[in-house]
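Engineer:
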Ligand SMILES: Nc1ncnc2c1ncn2[C@@H]1O[C@H](COP(=O)(O)OP(=O)(O)OP(=O)(O)O)[C@@H](O)[C@H]1O
Ligand SMILES: [Mg+2]
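Residue numbers (the working numbering), protein chains in the order written: chain A, 229 to 485; chain B, 12 to 360.
Below you can see the structure in the form of structure tokens.
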């Protein structure tokens with residue numbers, strides 16, 4: 229588990245090169261505006277925490293970054309190691325993005341084993357017309373990292389919610405991502421698994437030099453695991469360090485009014 | 012003899028006797044191809060939850076056939092045009108999320124049915140081609156239709172195997188597939204066109220009313236039996252071919268209509284799979300397959316790793332450790348459902 233001093237050490241590790249620049253982004257569904265005027269830079273190597281009440285646009289922000297929902301206005305740009313300005317589609321040709329969506333309602337009988345699901349994470353790398361090898365080391369690595377190796381032959385629909393969540397994290401890891409976007413990875417999980425997954429994310433961040441964008445409601449997780457926090461309610465309400473005492477007041481305002 | 016019923020005679024050698032003639036050889040080849048393509052496409056249709064889309068396409072294809080008969084054109088191309096139009100328009104409405112897909116499918120489905128009836132009523136003389144399209148007859152496939160069937164079957168099989176991996180990912184999780192750079196939109200439309208082609212080329216043999224069963228049922232039967240995707244495709248293909256060829260044999264031997272014999276046979280296979288399905292046997296047990304149904308403790312090592320094992324919920328071991336064949340399952344009788352054991356242990360592999 230992370231202590232206060234550790235938080236301080238890894239918040240200083242944050243480099244100052246932005247990896248993603250979001251400029252005046254607006255997302256509207258039909259007529260309702262889900263995100264208004266978002267300006268946000270994501271830096272390499274940080275764990276950016278995003279919090280906000282239900283319907284505040286957290287998932288929408290992740291999807292906008294991933295290019296899954298179109299922007300009505302503004303731009304989102306990625307920067308590769310040569311500081312070249314790229315769109316999401318251009319960026320992910322050479323760099324992989326890991327995405328762990330918020331909900332998976334997996335059909336109990338869907339014909340996929342745990343290893344098949346993780347193999348899907350390899351598709352971007354191996355490309356069209358090729359098969360994923362049974363012995364692909366990335367799959368084994370990813371499954372071992374999340375502690376699901378021994379479940380690799382189980383049907384995905386037969387796992388518990390927490391186990392499925394771990395498989396989804398393994399799938400995004402198998403892609404060898406540069407940036408990971410996790411949408412409430414611990415929602416609906418029990419306390420023990422919740423901690424285990426957060427520790428896993430922390431450990432991945434430390435060992436693999438990942439940049440992580442993490443949506444979570446939990447104040448304690450924001451404090452312990454993130455290096456920077458954004459509070460969202462259609463637009464950005466507050467940005468700052470997780471240790472800032474103002475965070476608590478902002479959260480109280482957002483959630484208890 | 013009852014004068015109102017035809018006498019049913021069983022002539023087991025008829026099929027073999029006719030097999031020396033080209034019409035029966037063609038019928039056999041058509042049966043095999045249709046069995047394969049319907050099962051392959053059907054597996055994806057089933058997994059993508061688009062079962063009623065298939066129904067709508069089949070009816071629009073019927074309208075296309077009626078128009079072709081009315082105008083004296085080659086049916087297959089008009090059929091294909093109609094079914095592609097209907098599937099693409101349903102796919103478009105679905106993509107833009109303009110309304111629930113069941114609504115648009117319902118609207119299109121009944122519109123094409125109305126068109127079909129309209130076209131039929133415009134025919135100066137009632138054509139015998141109409142019932143042959145409705146009910147199908149695998150024994151009277153025109154040479155042109157047969158050649159197109161062969162061409163499109165190979166096209167469908169090749170395209171499906173080229174995009175199989177990507178389609179599978181999309182079916183499981185569309186958004187993540189997009190993030191992986193899979194052209195989800197393009198593949199969705201390609202798939203819709205493949206469904207239309209499959210239904211169109213099978214229409215003459217199975218009939219507009221029943222062709223849909225050949226899409227759904229082999230895949231549904233295979234779906235009962237396995238958790239492995241490749242095995243699912245293989246089993247569905249096997250069931251498809253078994254029922255089309257078996258149905259052809261029976262329809263010749265008993266002198267019955269081919270379409271309905273084939274569909275009856277595949278439905279029978281589905282019933283058997285449903286009854287012996289290991290999936291449903293798991294379903295009534297504990298909510299987690301890894302949980303012991305008695306003590307609730309999670310069994311990590313003791314339960315079977317074979318996803319198709321019919322006993323994987325119940326603590327058990329296999330006779331040979333590495334051998335997960337079904338026949339080798341050993342279950343402690345005391346731990347079977349219905350009997351509450353006082354003590355039990357989790358056997359390690
Ligand atoms: N596909 C969609 N079509 C129309 N409106 C949508 C769609 N997805 C989200 N919205 C709307 O956009 C707003 C933001 O939704 P979003 O899912 O981003 O919220 P969220 O912060 O992730 O909420 P939660 O905490 O419940 O996950 C909501 O008001 C929602 O109703
Ligand atoms: Mg959300």
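Just so you know, even glycine gets a beta-carbon here, dropped at the ideal spot from N, CA and C.
(1) In chain order, which continuous runs of the alpha helix (DSSP H) of length 4 or greater are located wholly inside the stretch 383-420 of chain A?
(2) How should residue 269 of chain B be labelled, buried or exposed, when 16 other C-beta atoms within 10 angstroms of its C-beta is the threshold for buried?
(3) At the level of alpha carbons, what is the spacing between residue 178 of chain B and residue 227 of chain B?
(4) Ignore the nearest five residues each way along the sequence and tell me which others in residue 205 of chain B's own chain have a CB closer than 8 Å to its CB.
(5) Does DSSP classify residue 251 of chain A as helix, strand or coil?
(6) For the alpha helix (DSSP H) that contains residue 258 of chain B, what are its first and last residues?
(7) Thinking C-beta only, is residue 42 of chain B closer than 8 Å to residue 261 of chain B?
(8) DSSP on residue 442 of chain A, reduced to helix/strand/coil?
(9) Nearer than 7 Å: is that true of the beta carbon of residue 147 of chain B relative to any heavy atom of ligand 1?
(10) Establish whether the CB of residue 152 of chain B and some CB of chain A are separated by less than 8 Å.
(11) What are the boundary residues of the beta strand (DSSP E) that residue 467 of chain A is part of?
(12) Note down, one range per segment and in chain order, each beta strand (DSSP E) of at least 3 residues found wholly within the stretch 301-345 of chain A.
(13) Along chain B, in chain order, which residues have C-beta atoms closer than 9 Å to that of residue 306 of chain A?
(14) Here's a check: name, in chain order, each residue in its chain whose Cβ is nearer than 6 Å to the Cβ of residue 249 of chain A, leaving out the five neighbours to either side.
(15) Could you name the residues that DSSP lists as bridge partners for residue 456 of chain A?
(16) Closest to residue 373 of chain A by CA distance: which of A:325, A:429 and A:308 is it?
(17) Who are the neighbours of residue 237 of chain B on chain A, taking C-beta pairs under 7 Å?
(18) Among residues of its own chain, excluding the 5 on either side of residue 208 of chain B, which ones have a beta-carbon nearer than 7 Å to its beta-carbon?
(19) Since I believe residue 250 of chain B is in contact with residue 229 of chain B (beta carbons under 8 Å), could you give me their beta-carbon distance rounded to a whole number of angstroms?
(20) Consult DSSP for residue 289 of chain B and reduce its assignment to one of helix, strand or coil.
(21) With DSSP as the reference, identify every bridge partner of residue 246 of chain A, one or two as the case may be.
(22) Comparing C-alpha positions only, which one of A:423, A:357 and A:397 sits nearest to residue 376 of chain A?
(23) Considering only the alpha carbon of each residue, which of B:94, B:279 and B:39 lies closest to residue 216 of chain B?
(24) On the DSSP letters alone, give me the boundaries of the alpha helix (DSSP H) that residue 27 of chain B sits inside.
(25) Tell me the rounded alpha-carbon separation between residue 395 of chain A and residue 355 of chain A.
(26) Where residue 465 of chain A and residue 454 of chain A are concerned, what is the direct C-alpha to C-alpha distance, given to the nearest angstrom?
(27) Against chain B, does residue 465 of chain A count as a neighbour if the rule is that its beta carbon must be under 8 Å from one of theirs?
(28) Is the CB of residue 348 of chain A under 8 Å away from at least one CB in chain B?
(29) Using CA atoms only, rank isn't needed, just tell me which of B:211, B:81, B:46 and B:221 is closest to residue 135 of chain B.
(30) Just the Cα atoms here: how many angstroms apart are residue 234 of chain A and residue 289 of chain B?
(31) Please check the pair residue 25 of chain B and residue 247 of chain B, which I expect to be a contact at CB under 8 Å, by giving their CB distance rounded to whole angstroms.
(32) Is any heavy atom in ligand 1 found nearer than 7 Å to the beta carbon of residue 111 of chain B?
(33) How is residue 137 of chain B classed by DSSP in three states: helix, strand or coil?
(34) Does residue 444 of chain A pass the burial test, meaning 16 or more other C-beta atoms within 10 Å, or should it be called exposed?
(35) Report the residue ranges of all alpha helix (DSSP H) runs contained in full by the stretch 212-237 of chain B; include only those spanning at least 4 residues, in chain order.
(36) From the DSSP output, in three-state form, read off residue 302 of chain B for me.
Structural biologist: The relevant details are as follows:
(1) 389-402
(2) buried
(3) 18 Å
(4) 52, 167, 170 and 171
(5) strand
(6) 240-265
(7) no
(8) strand
(9) no
(10) no
(11) 463-468
(12) 301-307 and 325-328
(13) Neighbours of residue 306 of chain A on chain B: none; closest Cβ ~13 Å, over 9 Å.
(14) 269 and 305
(15) A:276
(16) A:429
(17) 339
(18) 91, 163 and 167
(19) 4 Å
(20) helix
(21) A:271
(22) A:397
(23) B:39
(24) 25-29
(25) 21 Å
(26) 18 Å
(27) no
(28) yes
(29) B:81
(30) In this predicted model, residue 234 of chain A has a pLDDT of only 41, less than 50, meaning its place in the structure is not dependable; the value taken from the coordinates is given anyway. Computed Cα separation, rounded: 50 Å.
(31) The pair is not a contact, with the Cβ atoms about 29 Å apart (cut-off 8 Å).
(32) no
(33) coil
(34) buried
(35) 222-234
(36) With a pLDDT of 48 at residue 302 of chain B, under the threshold of 50, the modelled position of that residue is not reliable, and no figure is offered here.
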